[in-house]
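The sequence shown begins at 1324 in this note's numbering and counts up by one.
Where a beta carbon is used, it is the ideal one built from N, C-alpha and C, also for glycine.
Read the structure below first, then the notes.
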Amino acid sequence: MHRLKSVLAAIALAPTVLALLPAASTTAATAATAAAGPAVPFGSHTFPYTAGTLRPSGAQSAVDQQVIDKYNAWKAAFLKQNCGNGWYEVRSPDADHPYVAEGQGYGLVITALMAGADPGARTAFDGLLTFVLAHPSVNNPDLLAAEQDASCRSVNGSDSATDGDLDVAYGLLLADRQWGSTGTYDYKKLAVKRINAIKASEINPSTHLTLLGDWSGSGDPLHYVTRSSDWMVDHFRAFRSATGDAAWDTVRSAHQNLITSQQSTYAASTGLLADFVVNTNSTPKPAPGEVLESPHDGDYGWNACRDPWRIGADAVTSGDAASLASARRLNSWIRSKTGGNPDRVVTGYRLNGSAFDSGTDMAFTAPFVVTATTDPGSQAWLDALWNKLVATPIDPSLYYGGSVQLQSMIVASGNYWRP
């Protein structure tokens, strides 16, 4: 789901011994330290990235502060308490509805990652979680209804959007590691429930690829259509660790294979992915024109623009060869295409690299800062991108671009981690 979602779709250093503990012991250990603050406070850089990963130039403390400043602006613009009931909500003024599942997922991940920098992070996280739990999907109550109106009521079918649920589950796993699961909410239990619901209702059982939502089941014409921005490989790794379910290895491999094959077959010179891929049960290919949202469903548009961030996040945290190759492919192309000038990133490309639009937006520019970190020869390009992101204020009317901008900065600054 993106900011123009159609009616059909809808982050005091913790003891390093924690990283060596088995999952059950880790949960207990984090619970024991919860009263003293988050186990992985922002800026602690507890989890090292893949060897060779770049960071923006300058003192790490200064880079971290730039992220904190951007977070504070994002929070002021979009994290609200408009609905009562003790709820927090991420407001999305540029989406089809005031509140969308994607936004609540972003909010949970962001507040968990920023704990330590923000004393109110857990309060906000729990408020967001309360909102999420109060808005179940009509198809699977352990998933989130994708859209809510100005009165905070679920609308437009009250079914789910896969990207929102993936981030909600990931955010819950981050929260379990940060604060333990013995407080108001058992984060780990809720995470596992949601992960299992995603598997049951948002993963195609034959292709092992993400569905568009819990509404696109076996009888739906879009059952064999998948959205590239939902291919969150690092999330699938975390789900495997949290549940012990080997099915998530199969899901992860299926998506990595699809990313590699789509890049090689349809975008050999660019590495770009389409917003939507069809025929996943036979010969997967970019959507031929409008399938769900626009005539550019088969191009690199308002969904796929997040792919460099998502692919790059797995590359730097896992060191996986396939993710690194895919990320570097994207980085090489955009660096050449723009001549190293971030101002030249525009809002839409065909898979051959030609632009079909001339606008600019952080949703398109910011994700490339993550892929830039994967290439040891791209320090100047990374710094140019970073400086662009730092200098670009959060626009209170553009939730989508601002949210992607902040999360791309969290990853590029070395403050992202996989629970």
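Limits of the alpha helix (DSSP H) - the one that residue i falls within
{"i": "PHE1401", "result": "1383–1401"}
{"i": "VAL1574", "result": "1570–1589"}
{"i": "PHE1454", "result": "1444–1456"}
{"i": "PHE1691", "result": "1691–1695"}
{"i": "GLN1501", "result": "1485–1502"}
{"i": "ARG1651", "result": "1644–1661"}
{"i": "ALA1514", "result": "1510–1524"}
{"i": "ALA1377", "result": "First, the residue type needs correcting, since residue 1377 is Leu and not Ala in the sequence shown. First-last for LEU1377: undefined, no H or E at that position."}
{"i": "SER1726", "result": "1722–1735"}
{"i": "ILE1750", "result": "Residue 1750 is absent from the structure shown; the chain starts at 1324 and stops at 1742."}
{"i": "GLY1430", "result": "1424–1436"}
{"i": "HIS1546", "result": "Run containing HIS1546: none; DSSP gives neither H nor E here."}
{"i": "GLN1702", "result": "1702–1714"}
Beta-carbon gap between residue i and residue j smaller than 9 angstroms
{"i": "LEU1647", "j": "THR1697", "result": "yes"}
{"i": "LEU1436", "j": "ASN1738", "result": "yes"}
{"i": "SER1731", "j": "ALA1703", "result": "no"}
{"i": "TYR1508", "j": "ASP1465", "result": "no"}
{"i": "TRP1709", "j": "VAL1386", "result": "yes"}
{"i": "PRO1361", "j": "GLY1439", "result": "yes"}
{"i": "LEU1674", "j": "LEU1581", "result": "no"}
{"i": "CYS1475", "j": "GLY1409", "result": "no"}
{"i": "PRO1485", "j": "LEU1452", "result": "For the sequence presented, residue 1485 should be read as Thr rather than Pro. No."}
{"i": "TYR1672", "j": "THR1593", "result": "yes"}
{"i": "THR1670", "j": "ALA1686", "result": "yes"}
{"i": "ALA1577", "j": "ALA1597", "result": "no"}
{"i": "PRO1742", "j": "LEU1513", "result": "no"}
{"i": "THR1603", "j": "THR1530", "result": "yes"}
{"i": "ALA1457", "j": "ALA1424", "result": "no"}
{"i": "ALA1645", "j": "GLN1579", "result": "yes"}
Candidates the options, of which the one nearest residue i by Cα
{"i": "SER1561", "options": "VAL1574, TYR1672, THR1549 and SER1552", "result": "Note that residue 1561 is Ala in the sequence shown, not Ser. Per the Cα distances, VAL1574."}
{"i": "ASP1637", "options": "MET1732, GLY1725, TYR1372 and LYS1516", "result": "TYR1372"}
{"i": "GLY1700", "options": "GLY1536, SER1655, TYR1723 and LEU1497", "result": "SER1655"}
{"i": "GLN1585", "options": "SER1551, VAL1727 and ASP1486", "result": "SER1551"}
{"i": "TYR1589", "options": "SER1576, PRO1609, HIS1578 and THR1603", "result": "PRO1609"}
{"i": "ALA1447", "options": "LEU1495, GLY1487, ARG1563 and THR1485", "result": "LEU1495"}
{"i": "ASN1664", "options": "ASP1684, ALA1707 and VAL1515", "result": "ALA1707"}
{"i": "ASP1572", "options": "LEU1532, ASP1553 and SER1587", "result": "LEU1532"}
{"i": "GLY1567", "options": "TRP1554, ASN1519, VAL1556 and GLN1579", "result": "ASN1519"}
{"i": "ARG1291", "options": "GLN1388, ASP1680, GLU1425 and LEU1705", "result": "Given a span of 1324 to 1742 for the chain in the structure shown, any question on residue 1291 remains unanswerable."}
{"i": "GLY1724", "options": "ALA1678, ASP1441, ASN1405 and GLY1426", "result": "GLY1426"}
{"i": "GLY1676", "options": "ALA1645, PRO1364, GLY1624 and SER1564", "result": "GLY1624"}
{"i": "ALA1473", "options": "GLY1682, ARG1414, PHE1679 and HIS1619", "result": "ARG1414"}
{"i": "SER1726", "options": "SER1617, ALA1400 and GLN1388", "result": "ALA1400"}
{"i": "GLY1443", "options": "ARG1658, GLY1635, GLY1487 and PRO1364", "result": "PRO1364"}
Spatial neighbours of residue i in its chain, beta-carbon cut-off 8 angstroms, leaving aside the 5 residues before and after
{"i": "LEU1729", "result": "VAL1390, LYS1393, TYR1394, TRP1397, ILE1433 and ILE1717"}
{"i": "HIS1558", "result": "LEU1489, ASP1490, ALA1492 and TYR1493"}
{"i": "HIS1753", "result": "The structure shown does not extend to residue 1753, since the chain is modelled only from 1324 through 1742, so no value can be given for it."}
{"i": "VAL1601", "result": "TYR1547, VAL1548, PRO1607, LYS1608, PRO1609, ALA1610, PRO1611 and VAL1614"}
{"i": "ALA1565", "result": "ALA1346, LEU1496, LYS1511, ALA1514, VAL1515, ILE1518 and PRO1742"}
{"i": "THR1640", "result": "PHE1370, TYR1372, THR1373, ASP1557, TYR1739, TRP1740 and ARG1741"}
{"i": "THR1683", "result": "ASP1666, VAL1668, VAL1669 and THR1670"}
{"i": "ASP1680", "result": "VAL1669, THR1670 and GLY1671"}
Nonlocal neighbours in the same chain, by C-beta distance under 7 angstroms from residue i, ignoring five residues either side
{"i": "SER1720", "result": "PRO1416 and ASP1417"}
{"i": "ASP1490", "result": "GLY1428, TYR1429, LEU1431 and VAL1432"}
{"i": "LYS1522", "result": "ALA1570"}
{"i": "ARG1445", "result": "ALA1438 and TRP1502"}
{"i": "ASP1537", "result": "SER1460, ASN1462, ASN1463, LEU1466, ASP1482, SER1483, SER1524 and GLU1525"}
{"i": "GLY1642", "result": "THR1373"}
{"i": "THR1540", "result": "One detail in the question is off: residue 1540 reads as Gly in this sequence, not Thr. The residues are HIS1546."}
{"i": "ILE1733", "result": "ILE1334, VAL1390, LEU1436 and TYR1739"}
{"i": "ASP1553", "result": "THR1485, ASP1486, LEU1489 and THR1533"}
{"i": "ARG1658", "result": "SER1701 and TRP1704"}
beta-carbon residue i near the ligand SAH non-hydrogen atom, thresh 8 angstroms
{"i": "ARG1550", "result": "You won't find the ligand SAH in this model; it holds no ligand whatsoever."}
Residues near residue i by beta carbon distance below 6 angstroms, same chain, minus five either side
{"i": "ALA1422", "result": "One detail in the question is off: residue 1422 reads as Tyr in this sequence, not Ala. Taken in chain order, the residues that qualify are GLU1412 and GLN1471."}
{"i": "PHE1370", "result": "TRP1740"}
{"i": "ALA1346", "result": "Note that ALA1346 has pLDDT 42, beneath the 50 cutoff, so the model's placement of it is unreliable and no number is given."}
{"i": "ALA1735", "result": "VAL1692, VAL1693 and THR1696"}
{"i": "ASP1620", "result": "ASP1598, PHE1599, ALA1610, GLU1613 and VAL1614"}
{"i": "THR1339", "result": "A caution first: THR1339 carries a pLDDT of 32, below 50, which makes its placement in the model unreliable, though a value can still be read off. There are no such residues."}
{"i": "THR1376", "result": "VAL1639 and THR1696"}
Continuous beta strand (DSSP E) stretch holding residue i: start and end
{"i": "PHE1599", "result": "1599–1601"}
Below-9 angstroms beta-carbon distance, residue i vs any chain C residue
{"i": "ILE1433", "result": "Looking at the structure shown, chain C is missing, and only one protein chain is on hand."}
Check your understanding: Does the segment 1644–1660 come close enough to the segment 1691–1707 that 3 or more CB-CB pairs lie under 8 angstroms?
Key -> yes
Practice item. Would you be able to state if there are at least three C-beta pairs under 8 angstroms between the segment 1460–1467 and the segment 1476–1494? Key: yes
Review point. At a cut of 8 angstroms, does the segment 1622–1631 reach the segment 1532–1548 through at least three beta carbon pairs?
Key: no
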